[in-house]
Amino acid sequence: MKNKILLLFVVLAVWILIYTNLLTITDYLVYSLLGMEKERHLTNAAHFFVYEVPKVLLLLTIIVFVVGVIRSYFSPERTRKILGGKSLFTGNVLASLLGIVTPFCSCSAIPLFIGFVQAGVPLGVTFSFLIAAPMINEIAVVLLFGLFGWKTALIYISTGLVIAIVSGFVIGKLKLEHLIEDWVRKLSASQTEIESEKITFTERIDSGIIAVKEIVAKVWLYILIGIAVGAGIHGYVPENFMAGLMGKSAWWSVPVSVLIGVPMYSNAAGIIPVVQALLEKGASLGTVLAFMMSVIGLSLPEMIILRKVLKLKLIVVFVCVVASGIIMVGYLFNVIY
Amino acid sequence: MNSIKVYGTGCARCKQLEELCKQTVAELNIEATVEKVSDLEAIVKSGIMMTPGLEINGKVVSAGKIPTKETLIHWIKENSN
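Keeping their order, the protein sequence lines are chains A and B. As numbered in numbering that gives the first Met the number 0, residues 0 to 336 make up the first sequence, in order. As numbered in numbering that gives the first Met the number 0, residues 0 to 80 make up the second sequence, in order.
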């Protein structure tokens, strides 16, 4: 126990040392060691890549670790218990917030959906959870924080929350319970209580470490590819190239971005570095935000999975409500910034 | 005869857990069947909300997790006939 905490501190110290000196290290590597000339396309791209990859990976490790430890305090069973029988609006707010911290994988979206509905969690509240959980995830937050700064990360989290709350609320008000597939409604209620053994703090730290191993192993390649594409755009695409296409003046850019984004399926790790480079070349924040949210938050594979428990009409309603929310957020930010 | 069931639709983690169970059963040298349940209705009926779920002799011991081998051995011993 003691050794483990000591080791954590050593790792943290090394982490801080590398993170704070990353720019100096990159400058040395690119300009001195590789001897690349400054202000060239290739040099700019290489510098971007060499700097961003370790930066994002460092941030990813630390945040995934912290989130992993926090998540050991939450479980779907517990979340379900909190949400059961909550009134519409309060339930939507709680569900969206819990969506951020409850462990979730879109591959278990169905058992989770049914588990919630059976326990008496209202349909709209369940949807708030299902919208917030994939959209506001630690990987998206890390990348936004690392590549755009904390303001954008905060904007993303708060607008994501608002979309999840409002969309769930609207779906709840529409009273669409009859659009749940019949076999689900016929299921006899069965709620297995998994005996939760007492977890020690050391075990919570372990679950943080496990989360780091699993997630980093899963996304590092996407991050590498994403940043490489971003580096290419950064170095070679002329300034303001995107202004006409994804800039403020193009009013149609927000809905078009969402239309392209919904069927696209990528995780945050692959899409955000690309999006950052687009922003730099004149795309506007609202448009970029809308594109990102629709790619991460609404995905075709998840719809196909959900089709097994929801009638097509409900899925269409779900997509339309969330997409409209995203479009509104996009316009709002194009107006503000 | 002990029965171990791994609930999951086919995600990578579910296969990983199935493999771990098979391996552990072989190492422990006990009589047990390891079965992968991928039928959606069966998964839902077991009451788990996160895959992979693990059931030993009718008792759900974990959901959404891949335990360490030590923990798995502990669970098997605790719930075996």
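Note that CB positions come from ideal geometry on N, CA and C, so glycine has one too. Since the model is a prediction, treat every value here as computed from it, not as a measurement.
Closer than 9 Å to chain A by CB, residue i
| i | result |
| --- | --- |
| B/Lys-68 | no |
| B/Lys-44 | yes |
Interface partners of residue i on chain B, CB under 9 Å
| i | result |
| --- | --- |
| A/Ser-127 | Chain B residues near A/Ser-127: none, gap ~16 Å exceeds 9 Å. |
Nearest neighbour of residue i, chosen from the options [CA to CA]
| i | options | result |
| --- | --- | --- |
| A/Val-66 | A/Val-273, A/Glu-279, A/Val-211 | A/Val-211 |
| A/Ile-295 | A/Gly-269, A/Glu-279, A/Trp-14 | A/Gly-269 |
| B/Ser-79 | B/Ile-42, B/Glu-30, B/Cys-13 | B/Glu-30 |
| B/Ala-41 | A/Ala-152, A/Gly-114, A/Phe-103 | A/Gly-114 |
| A/Asn-91 | A/Gly-119, A/Val-100, A/Ser-127 | A/Ser-127 |
| B/Lys-64 | B/Ser-2, B/Asn-1, B/Met-0, B/Ala-11 | B/Ala-11 |
| A/Pro-53 | A/Leu-297, A/Ile-259, A/Ile-226 | A/Ile-226 |
| A/Lys-68 | A/Val-318, A/Ile-335, A/Met-292, A/Ile-209 | Note on residue identity: the sequence assigns Val, not Lys, to residue 68 of chain A. Taking only the C-alpha atoms, the option nearest A/Val-68 is A/Ile-209. |
| B/Gly-9 | A/Phe-332, A/Ile-304, A/Leu-56 | A/Ile-304 |
| A/Leu-28 | A/Thr-19, A/Val-49, A/Phe-8 | A/Val-49 |
| A/Ser-166 | A/Leu-59, A/Val-116, A/Ile-24, A/Gly-123 | A/Gly-123 |
| A/Asn-136 | A/Met-291, A/Val-116, A/Glu-51, A/Pro-262 | A/Met-291 |
| A/Leu-32 | A/His-40, A/Glu-38, A/Thr-23 | A/Thr-23 |
| B/Ala-62 | B/Cys-13, B/Ser-2, B/Val-33, B/Ile-75 | B/Cys-13 |
| A/Tyr-155 | A/Leu-277, A/Leu-244, A/Leu-288, A/Thr-60 | A/Leu-288 |
Any C-beta of chain B under 9 Å from that of residue i
| i | result |
| --- | --- |
| A/Gly-34 | no |
| A/Leu-21 | no |
| A/Cys-319 | no |
| A/Glu-76 | yes |
| A/Lys-307 | yes |
| A/Ser-298 | no |
| A/Trp-182 | yes |
| A/Ser-107 | yes |
| A/Arg-203 | no |
| A/Arg-79 | yes |
Residue i: CB within 8 Å of a non-hydrogen atom of the ligand ATP
| i | result |
| --- | --- |
| A/Leu-311 | Ligands in the displayed structure: none, and consequently the ligand ATP is not present. |
Amino acids of chain B, ordered along the chain, whose beta-carbon sits closer than 8 Å to that of residue i
| i | result |
| --- | --- |
| A/Leu-186 | Glu-40, Val-43, Lys-44 |
| A/Ser-256 | Under the 8 Å cutoff, chain B gives no residues; its nearest Cβ is about 30 Å from A/Ser-256. |
Contacts that residue i makes with chain B (C-beta to C-beta distance below 7 Å)
| i | result |
| --- | --- |
| A/Ile-390 | Residue 390 of chain A lies beyond the range of chain A shown here (0 to 336); nothing can be said about it. |
| A/Ser-323 | None at all; the shortest Cβ gap to chain B is about 29 Å. |
Residue i, DSSP secondary structure in three states
| i | result |
| --- | --- |
| B/Ala-31 | strand |
| A/Asn-372 | The structure shown has nothing for residue 372 of chain A, since chain A only spans 0 to 336. |
| B/Ala-62 | strand |
| A/Gly-67 | helix |
| B/Tyr-6 | strand |
| A/Asn-333 | helix |
| A/Gly-296 | helix |
| B/Gly-52 | strand |
Next item on the list: Identify each residue in the stretch 21–42 of chain B for which the Cβ-Cβ distance to at least one residue of chain A is less than 8 Å, and report them in chain order.
Entry: Contacts with chain A (Cβ-Cβ distance below 8 Å) from the stretch 21–42 of chain B involve Leu-39, Glu-40, Ile-42, listed in chain order.
Margin query: Can you pull out the residues from the stretch 140–157 of chain A whose beta carbon lies closer than 8 Å to at least one beta carbon of chain B?
Written below: Against chain B - using a Cβ distance shorter than 8 Å - the stretch 140–157 of chain A contributes no residues.
Check: Quick one, which residues of the stretch 54–68 of chain B are near chain A if we go by CB-CB under 8 Å, in chain order?
Finding: Result list: Val-59, Val-60, Ser-61, Ala-62, Gly-63.
Item checked: Contact list for the stretch 54–76 of chain A against chain B, Cβ threshold 9 Å -> Those would be Ser-74, Pro-75, Glu-76, in chain order.
Check: Can you list, in chain order, the residues of the stretch 84–105 of chain A whose Cβ is nearer than 9 Å to any Cβ on chain B?
Finding: Contacts with chain B (Cβ-Cβ distance below 9 Å) from the stretch 84–105 of chain A involve Pro-102, Phe-103, Cys-104, listed in chain order.
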